[in-house]
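S.K.: In my numbering, the protein residues as written are 36 to 245.
For reference, the structure I am asking about is given below.
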């Protein structure tokens, strides 16, 4: 059976400083008294999306993730008005403007009520030529929540991509220009694994595509 490796497209933006030359006797430019901005100042208006984490190289941890994903329950699809799922959907939508600019929701909201170290899954299909971001949000009582993207049968189980560690209750896979692309010319089913690492409560995830 052919093996398939996930391809992550990560755009890295760098800063280039350009320094002009002056003649030997040319006077220094006069300062107007207003401080000049440092070329290394970080923008504060909006936070930059965090890159998707590469799948861990720890074989034991990978095996634990895959085992949990295979044994987890199916996530509930769709959202009812109000209740515990309403705040989950709102939390995801608030993140989307920053980590999934230009993308639109694809498919239904995935949600599950989990105990600590619990897993829940839902299948999605990656279409060729599109770019995908998976946004998660955990409700009250959820302190650490992770999302793993894994292969679906008939392919052997493999972790393709993961949310960045330390995301608390707001994990994201493929933010911004790091979005996930299908490297094949045909639709590819994958599994979104929602893993409640620490705490207990309601978690959800929504796929965005552009």
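Glycine is no exception: its CB is placed at the ideal position from the N, C-alpha and C atoms.
Relative to the C-alpha of residue 159, which residue among 147, 186 and 178 is closest?
M.R.: Selected option, being the one with the closest Cα: 186.
S.K.: Between which two residues does the beta strand (DSSP E) containing residue 140 stretch?
M.R.: That run of the beta strand (DSSP E) goes 139-149.
S.K.: Given that a residue counts as buried once 16 or more other Cβ atoms are within 10 Å of its Cβ, and exposed if not, what is residue 109?
M.R.: So residue 109 ends up on the exposed side.
S.K.: Taking DSSP as the reference, what is the three-state secondary structure of residue 58?
M.R.: Per-residue confidence for residue 58 stands at a pLDDT of 42, beneath the threshold of 50, marking its modelled position as unreliable; no derived number is given.
S.K.: State buried or exposed for residue 210, treating a residue as buried only when at least 16 other CB atoms are found within 10 Å of its CB.
M.R.: Residue 210 comes out buried.
S.K.: Grouping DSSP H, G and I as helix and E and B as strand, with all else coil, what is residue 244?
M.R.: Residue 244: strand per DSSP, three-state reduction.
S.K.: Which first and last residues belong to the alpha helix (DSSP H) in which residue 133 is found?
M.R.: Residue 133 -> alpha helix (DSSP H) spans 120-134.
S.K.: Assign residue 203 to one of two classes, buried (16 or more other C-beta atoms within 10 Å of its C-beta) or exposed (fewer than that).
M.R.: Classification for residue 203: exposed.
S.K.: Enumerate in chain order the residues of its own chain whose CB-to-CB distance from residue 153 is below 6 Å, with the five nearest sequence positions on each side excluded.
M.R.: So the list reads 231, once near-sequence residues are dropped.
S.K.: For residue 200, count neighbouring C-beta atoms within 10 Å of its own C-beta (all shown protein chains included) and say buried if the count is 16 or more, exposed if not.
M.R.: Residue 200 comes out exposed.
S.K.: Taking the CB atoms as reference points, tell me whether residue 171 and residue 245 lie closer together than 7 Å.
M.R.: Result no, Cβ atoms of residue 171 and residue 245 do not sit closer than 7 Å.
S.K.: Comparing alpha-carbon positions, which option in 188, 147 and 146 lies nearest residue 224?
M.R.: It is 188.
S.K.: Since residue 149 and residue 227 should fall inside the 8 Å C-beta cutoff, what is the C-beta to C-beta distance between them, to a whole number of angstroms?
M.R.: Between residue 227 and residue 149 the Cβ distance is about 14 Å, and since that is not below 8 Å, they are no contact.
S.K.: Counting C-beta neighbours from all protein chains within 10 Å, is the total for residue 125 16 or more, i.e. buried, or is it exposed?
M.R.: Under this definition residue 125 is an exposed residue.
S.K.: Is DSSP giving residue 211 helix, strand or coil here?
M.R.: Correct three-state label for residue 211: helix.
S.K.: Using 7 Å as the threshold, is the C-beta distance between residue 129 and residue 182 below it?
M.R.: In this structure, residue 182 does not lie closer than 7 Å to residue 129 by Cβ.
S.K.: Whose C-beta lies closer than 8 Å to the C-beta of residue 56 among residues of the same chain, with five residues either side of it excluded?
M.R.: Low per-residue confidence applies at residue 56: pLDDT is 36, beneath 50, and the placement is therefore not dependable, though the value from the model is reported in the following sentence. So no residue of the chain qualifies.
S.K.: Inspect the beta-carbon positions of residue 241 and residue 140 and report whether they are closer than 7 Å.
M.R.: Their beta carbons are under 7 Å apart, which means residue 241 touches residue 140 by this criterion.
S.K.: So what's residue 152 in DSSP terms, helix, strand or just coil?
M.R.: Note: residue 152 maps to coil in three-state DSSP.
S.K.: What number of angstroms, rounded off, separates the C-alpha of residue 234 from the C-alpha of residue 205?
M.R.: Cα to Cα, residue 234 sits roughly 14 Å from residue 205.
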